[in-house]
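In our numbering, the protein residues as written are 11 to 375.
Heads up, the beta-carbon is just placed ideally off N, CA and C, and yes, glycines get one too.
Below you can see the structure in the form of structure tokens.
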């Protein structure tokens with residue numbers, strides 16, 4: 011079920027020992043780079059209208075090395091998943107369809123729509139049933155997966171679970187528990203079980219994710235620990251729990267644009283995931299909106315006096331504020347925010363750790 015089933019920088023001033031206490035310091039003020047503000051994701055950003063779809067590359071059966079893909083918490087980060095389809099990958103298509111598309115809509119009378127997932131290489135299909143509830147989030151009612159578990163092809167949860175809150179922000183966390191009755195085909199006999207699924211989620215990072223054929227888009231990363239606890243209902247057989255550690259990147263118009271799933275054993279997988287059971291990367295989406303790119307400020311001016319930098323620019327109509335940032339190198343993925351003024355000027359001591367470095371000023375819409 012996991013979920014169960016720029017514009018280049020504009021050089022303004024470059025100095026080399028021509029100002030007191032400023033030997034070797036270079037300045038770069040850029041105004042047309044997308045703001046690395048923390049994205050916000052809303053349940054209403056999920057594709058939910060019939061006819062919407064997205065397609066993704068997913069590994070077939072072999073585990074995937076993701077040891078250098080997850081990265082650290084925090085941000086802003088830039089995660090690159092843009093490599094083309096590999097020989098060990100297939101295409102999975104997800105369509106938003108009416109809840110009765112799979113013939114089981116009557117089992118989910120409150121669901122507004124279903125996500126139908128089709129593995130294009132073999133044609134196997136599954137359905138998950140949802141409803142977007144204003145102020146609450148996405149309610150998830152159950153699923154249908156006849157190819158995964160023919161013994162119990164349709165699962166209706168005892169009560170719906172909210173898998174995506176109404177609004178998701180960096181630093182947010184939530185937990186949920188959902189139960190259902192299931193069957194396990196043990197070959198000689200079929201075992202009845204009660205499944206309890208618990209999930210602990212934390213939005214632990216933010217930045218941009220680079221998707222194949224789509225490009226770079228703002229994203230929030232969710233770190234998730236999921237546990238399946240199975241209670242055998244007939245013979246009291248001991249059944250070990252199954253634990254998973256997942257990461258997924260939320261992008262408006264897609265939802266889970268990248269997903270990494272690791273584990274499936276009794277022990278909790280370590281945070282530093284080496285091998286993953288699943289790596290999924292969206293490469294096409296009907297509802298994906300281009301990221302907002304702020305306007306450039308004009309009239310950039312900079313002056314250095316007494317180890318202080320004074321940066322000024324013309325007011326930008328409609329701007330809610332600005333972000334003044336620094337980095338040792340202009341190509342650094344992470345820039346450090348030095349100030350967030352609401353007026354078109356900023357002054358502060360020069361960063362002492364940067365014997366050579368860059369400033370940039372970004373406008374917030």
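No Cβ-Cβ contact shorter than 7 Å links residue 233 with residue 85. The beta carbons of residue 121 and residue 141 sit closer together than 7 Å. Within its own chain, the residues whose Cβ lies closer than 8 Å to the Cβ of residue 151, once the five positions on either side in sequence are excluded, are 118, 120, 121, 139, 140, 141, 166, 167 and 170, listed in chain order.
Residue 270: member of the beta strand (DSSP E) spanning 265 to 275, first to last residue. In terms of Cβ geometry, residue 226 and residue 218 form a close pair [threshold 7 Å]. At the C-beta level, residue 221 and residue 161 stay beyond 7 Å of one another. If one requires a minimum length of 3 residues, the beta strand (DSSP E) runs lying completely within the segment 181 to 209 are 183 to 195, in chain order. Its chain contains 184, 232 and 234 as the residues whose beta carbon lies nearer than 6 Å to that of residue 211, once the 5 sequence neighbours on both sides are disregarded; these appear in chain order. Between the beta-carbon of residue 172 and that of residue 197 there is about 37 Å, and that puts the pair past the 8 Å contact cut. A Cβ-Cβ contact shorter than 7 Å links residue 287 with residue 271.
Apart from sequence neighbours up to five positions away, the residues of its chain that approach residue 251 with a beta-carbon distance below 8 Å are 237, 238, 239, 240 and 276, ordered along the chain. Residue 283 is positioned such that its CB atom lies no closer than 7 Å to that of residue 74.
Residue 62: not part of any beta strand (DSSP E); DSSP gives it neither H nor E. When Cβ pairs closer than 8 Å are counted between the two stretches, the segment 93 to 100 is seen not to touch the segment 329 to 337, the count staying below three.
Taken atom to atom, the span from the alpha-carbon of residue 175 to that of residue 314 is near 47 Å.
By the neighbour-count criterion, in which a residue is buried when 16 or more other Cβ atoms sit within 10 angstroms of its Cβ, residue 256 is buried. The three-state secondary structure of residue 355, taken from DSSP, is strand. Nearest neighbour of residue 83 by Cα position, chosen from 131, 112, 96 and 258, turns out to be 258. Cα atoms of residue 202 and residue 336: separation of roughly 60 Å, rounded to the nearest angstrom. By DSSP's assignment, residue 97 forms no beta bridge with any residue. In the three-state scheme derived from DSSP, where H, G and I count as helix and E and B as strand, residue 121 is classed as coil.
At least 7 Å separates the beta-carbon of residue 350 from that of residue 322. Contact between residue 296 and residue 63 is confirmed by a C-beta separation of about 5 Å, below the 8 Å threshold. Shortest Cα-Cα distance from residue 158 to any of 137, 59 and 149 involves 137. Sorting 353, 261, 293 and 109 by C-alpha distance to the C-alpha of residue 54 places 261 at the top. A distance below 7 Å separates the beta carbons of residue 209 and residue 186. The DSSP-derived three-state label of residue 284 is coil.
Exposed is the label assigned to residue 71, since fewer than 16 other Cβ atoms lie within 10 Å of its Cβ. Contact between residue 369 and residue 65 does not hold, since the beta-carbon distance rounds to 41 Å and is not under 8 Å. Under DSSP, no beta-bridge partner is assigned to residue 179.
Cα atoms of residue 190 and residue 204: separation of roughly 6 Å, rounded to the nearest angstrom. Restricting attention to 88, 111 and 144, the CA atom closest to the CA of residue 128 is found in 111. For residue 224, no beta strand (DSSP E) segment is defined, and its DSSP state is neither H nor E. Here residue 54 carries a helix assignment [DSSP, helix/strand/coil].
The DSSP assignment places 123 to 129, 135 to 143, 147 to 154 and 164 to 175 as complete runs of the beta strand (DSSP E) inside the segment 104 to 179, in order along the chain (cut-off: 3 residues). Cβ-Cβ separation between residue 164 and residue 107: approximately 16 Å, too far for a contact (criterion under 8 Å).
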